[in-house]
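Below is one structure, written out as structure tokens; the observations come after it.
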Amino acid sequence: MKNIRLQIPEELEKFRQVIEKTIRPYVKIELKSQNTLPWESKIGGNPYLEIGMEYPKTLKGEQLRLLAQINFEEVPHIEPFPTKGILQVFIFPDDLYGADFDNPCKQDTFRIIYLPEVKKDEKLLVTDFSFLKELEEEWYLPFEKEGKMYFSKEYMPVQGYTYEFEALYKDIHFTDEDMENYIDELNYSCCRIGGYPEFTQSDPREGNKELSLFDTLLLQLDCESECDLMFGDSGIANFFIKEEDLRNLDFSNVLYNWDCY
Numbered sequence: 415m416k417n418i419r420l421q422i423p424e425e426l427e428k429f430r431q432v433i434e435k436t437i438r439p440y441v442k443i444e445l446k447s448q449n450t451l452p453w454e455s456k457i458g459g460n461p462y463l464e465i466g467m468e469y470p471k472t473l474k475g476e477q478l479r480l481l482a483q484i485n486f487e488e489v490p491h492i493e494p495f496p497t498k499g500i501l502q503v504f505i506f507p508d509d510l511y512g513a514d515f516d517n518p519c520k521q522d523t524f525r526i527i528y529l530p531e532v533k534k535d536e537k538l539l540v541t542d543f544s545f546l547k548e549l550e551e552e553w554y555l556p557f558e559k560e561g562k563m564y565f566s567k568e569y570m571p572v573q574g575y576t577y578e579f580e581a582l583y584k585d586i587h588f589t590d591e592d593m594e595n596y597i598d599e600l601n602y603s604c605c606r607i608g609g610y611p612e613f614t615q616s617d618p619r620e621g622n623k624e625l626s627l628f629d630t631l632l633l634q635l636d637c638e639s640e641c642d643l644m645f646g647d648s649g650i651a652n653f654f655i656k657e658e659d660l661r662n663l664d665f666s667n668v669l670y671n672w673d674c675y
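In the working numbering, each residue's number is its place in the sequence shown (first place is 1) plus 414.
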């Protein structure tokens, strides 16, 4: 990407030109523990829900819980993401945080909802969520506190554990030392929208023709001490979508995966 110069360790300076060719923009998410308005971008808390809308549940009728909500009016724009509307991620609060690793695109114990129009009038919105059942003793969520999201546009190179890495660097020979430096020094750990994903184990799309079609990182949630956000043992959650679906604002087919140490 033109006019973007990364900070690269001296040991990898010889690869600067090829590394910078992999640069993508992304939106960095920072959290601040605080109460939020219904239409604001957040982790946890109560969702934006218009009066008359159905609260999301599993096929068995079990209530989901809000994991994340993004109001794109608050987000610096990067392609191919929308410029308005609210995106909501709901999960079932079990020990897998609503993930189905055998069928990671099946929206039942997790749900992605996109609302193209936003009404900033609490008189038109549900504000009393006392109807939500208490969590069962063995259930829990991957965060402790509600937090407001703050955004900034940043740039990053391809990350070391993604399935794109080998394809983008197929003509480059990295020694073991080079790889160690790359992973240590060019590791962009944060919650984000877009850019490249990060994993603690491996990329679930690698070697899977069907899952490799999910080429766009919709949302990544990494460990954040501000809201005690963590998936498992220092884990990372990723939501992927096909670029064409994102451009068409079709969120019915999303890949949800998380892994931890």
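Cβ atoms here follow ideal geometry from the backbone N, Cα and C, with glycine treated the same way. Note that the coordinates shown come from a computational prediction; the quantities given were computed from them, not determined experimentally.
Sort the options by Cα distance to residue i and report the nearest one.
i: Gly616; options: Pro530, Lys498, Met593 and Asn671; result: Residue identity check: residue 616 is Ser in the sequence provided, not Gly. Selected option, being the one with the closest Cα: Asn671.
i: Lys355; options: Leu463, Lys520, Glu444 and Glu638; result: Missing from the structure shown is residue 355; the chain here goes from 415 to 675 and no further.
i: Gln634; options: Phe545, Val441 and Gly574; result: Val441
i: Glu594; options: Leu582, Ser603, Lys584 and Gly574; result: Gly574
i: Leu501; options: Asp542, Ala482, Leu478 and Ser447; result: Ala482
i: Gly621; options: Val540, Leu546, Glu580 and Lys428; result: Glu580
i: Ile433; options: Pro571, Glu531 and Trp553; result: Pro571
i: Phe495; options: Asp673, Cys674 and Arg661; result: Arg661
i: Gly608; options: Lys567, Tyr583 and Phe665; result: Lys567
i: Phe524; options: Thr614, Ala513 and Pro530; result: Ala513
i: Tyr528; options: Asp664, Pro470 and Lys471; result: Asp664
i: Ile586; options: Phe543, Leu426, Leu420 and Tyr511; result: Leu426
i: Gly646; options: Gln477, Arg619, Tyr675 and Asp535; result: Tyr675
i: Leu478; options: Glu493, Thr497 and Gly458; result: Gly458
If we call anything under 8 Å between Cβ atoms a contact, is residue i one with residue j?
i: Phe557; j: Leu643; result: yes
i: Glu612; j: Ser626; result: no
i: Pro423; j: Glu599; result: yes
i: Asn485; j: Ser447; result: no
i: Thr472; j: Asp522; result: yes
i: Tyr610; j: Glu638; result: no
i: Cys641; j: Lys537; result: no
i: Ile443; j: Arg606; result: yes
i: Gly499; j: Pro530; result: yes
Along the beta strand (DSSP E) that carries residue i, what are the first and last residues, could you check?
i: Asn671; result: Val668 to Asp673
i: Leu481; result: Arg479 to Asn485
i: Arg661; result: Where Arg661 is concerned, there is no enclosing beta strand (DSSP E), although the alpha helix (DSSP H) it sits in stretches over Glu657 to Arg661.
i: Tyr569; result: Gly561 to Met570
i: Cys605; result: Cys605 to Gly608
i: Val503; result: Ile500 to Ile505
i: Tyr528; result: Phe524 to Leu529
According to DSSP, simplified to helix, strand and coil, what is residue i?
i: Arg430; result: helix
i: Met593; result: helix
i: Glu454; result: coil
i: Leu627; result: helix
i: Leu445; result: strand
i: Leu546; result: coil
i: Leu420; result: coil
i: Leu510; result: coil
i: Glu468; result: coil
i: Leu600; result: coil
i: Glu552; result: coil
i: Leu538; result: helix
i: Glu425; result: helix
Identify the continuous alpha helix (DSSP H) that holds residue i and give its terminal residues.
i: Phe579; result: Glu578 to Leu582
i: Arg619; result: Premise fails: Arg619 is in no alpha helix (DSSP H) and is neither H nor E.
Any C-beta of chain B sitting closer than 8 Å to the C-beta of residue i?
i: His587; result: Absent from the structure: chain B. Only one protein chain is present.
Practice task
Evaluate the contact criterion for the stretch 562-571 versus the stretch 479-497: three or more CB pairs, one atom per stretch, below 8 Å.
Solution key: yes
Practice task
Report yes or no: do three or more beta-carbon pairs, one from the stretch 427-445 and one from the stretch 513-531, lie closer than 8 Å?
Solution key: no
Practice task
Report yes or no: do three or more beta-carbon pairs, one from the stretch 458-475 and one from the stretch 648-665, lie closer than 8 Å?
Solution key: no
Problem - Segment contact, 8 Å Cβ cut-off, at least three pairs: the stretch 501-511 with the stretch 534-554 - result: yes
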